[in-house]
Amino acid sequence: CGKTSWIHFLGKKLSLAPPSTNLFQPTTQWLADTRPVFVHQWANDTGYLAWRPPCEPLPRDVAFLYKGPHELDSFSVCVVAHSPSSTPSFPIESAPRCLFIRVLRCTRPELTLLLAVGHNAAPEIDLPQQVALAFPEHAPRIVKYVVPAGTALTLIFNGSDDTQSQQVTTLASRLTGLTDGFEWLAPECDTPVAPNFWFQPEITSPPARATCNGVINRLVFSAGLRHAGLNTVVCVEAKNDQISCPARLTYSPPLCWGIEVPPPVLIWLEGGGVGGGGG
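In my numbering, the protein residues as written are 1331 to 1609.
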């Protein structure tokens, strides 16, 4: 929804034919007077159907909170081709060609970094070219965390999405992954009070059901001696549970940062020469 789609047909004397209506009228979730309408135009025996279904706000009720209404509606559109006949009132028609079109309400989750604890200050660095090409919407400069061996870095993220998503998951980017030493801690999920149409004060209690939207995630990197000299870039993303939507729309824009574990430094102490001999 919210985007214009074009359907292209070829044929002689094209016209719309029934049905061009909703297939599941009893369960439609469109608000009154907001149902999409096809706008068609024919030129040179080529038909174009232009359609821009609106995205309407969804009320917060139990049906939407626990089962995302990603498929708002399902429509069919049929087209026939006409040919002249000896009886103008009964033209020769082709068999109809029909398409079934789903209207999806897809939203992208948002991911923010709330806090980073356990690192030394370091200047910003440029996003590596390979990562910049894969994530063109990311800022060209990123923060860099310097984590000495024997210490730990903790990153705290908040993931959230439209109320139609029941679960938002923070995970390593498909491009960079996570190096050895990273560990996700258990997520902290919201526990909203669910609407209950049968709720009666002092008789029944409103149910509470945990949902992971929004969600707080902690990512811990424990730097060991095996990481000495590590200098890399890591990205994470948030993903929602809108399984009907295109995969690219279910991921948030990524968050990337650099991480460095300094190698050991050998320091010579002042003292006598090798062998300790005097003059």
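Even for Gly, the Cβ is constructed at its ideal location relative to N, Cα and C. Small disclaimer: the values here were computed from a predicted structure and weren't measured.
Please list the segments of the beta strand (DSSP E) lying wholly inside the segment 1547-1606, counting only runs of 3 or more residues, in order along the chain. 1561-1570 and 1585-1590
Can you list the alpha helix (DSSP H) stretches of 4 or more residues lying completely in the segment 1442-1515, in chain order? 1459-1464
Would you call Phe-1430 buried or exposed, if buried means 16 or more other Cβ atoms sit within 10 Å of its Cβ? exposed
Label His-1449 either buried or exposed according to how many other C-beta atoms from any shown protein chain fall within 10 Å of its C-beta, with 16 as the threshold for buried. Under this definition His-1449 is a buried residue.
Where Ser-1404 sits in the DSSP three-state scheme: Strand, per DSSP.
Distance, Cα to Cα, Ala-1446 vs Arg-1435? Cα to Cα, the separation comes out at about 34 Å.
Going by DSSP, what residue range makes up the beta strand (DSSP E) through Phe-1430? From DSSP, the beta strand (DSSP E) with Phe-1430 extends over 1427-1434.
With 16 as the cutoff for other CB atoms within 10 Å, does Thr-1500 come out buried or exposed? Flag for Thr-1500 reads buried.
So, do the segment 1465-1475 and the segment 1420-1427 have three or more beta carbon pairs nearer to each other than 8 Å? Per the Cβ contact rule, the segment 1465-1475 is not in contact with the segment 1420-1427 (fewer than 3 Cβ pairs under 8 Å).
Pop quiz: Ala-1479 and Ala-1553 are said to be a contact at Cβ under 8 Å. What is the actual Cβ separation, rounded to whole angstroms? 5 Å
My understanding is that Gln-1572 touches Asn-1543, with C-beta atoms under 8 Å, so please give their C-beta distance in whole angstroms. Not quite, the Cβ-Cβ distance comes to about 11 Å (not below 8 Å), so this is no contact.
Mapping DSSP to helix, strand and coil, what is Cys-1385? Of the three classes helix, strand and coil, the one that applies to Cys-1385 here is coil, per DSSP.
Between Ser-1582 and Arg-1438, is the Cβ-Cβ spacing less than 8 Å? A contact, by the Cβ cut-off of 8 Å.
Three-way DSSP call (helix, strand, coil) for Gly-1332 in this model: Annotated three-state conformation of Gly-1332 is coil, per DSSP.
Would you mind stating whether Gly-1443 and Leu-1485 have Cβ atoms separated by less than 8 Å? Checking the displayed sequence, the identity of residue 1443 turns out to be Leu instead of Gly. In this structure, Leu-1485 lies closer than 8 Å to Leu-1443 by Cβ.
Test item: CB-CB of Pro-1383 and Cys-1428 under 8 Å: No, Cβ-Cβ distance for Pro-1383 and Cys-1428 is not below 8 Å.
I'd like to know whether the C-beta atoms of Pro-1584 and Val-1566 end up nearer to each other than 8 Å. Pro-1584 is a Cβ neighbour of Val-1566, given a cutoff of 8 Å.
Would DSSP call Val-1409 helix, strand or coil? Val-1409 falls in the strand class under three-state DSSP.
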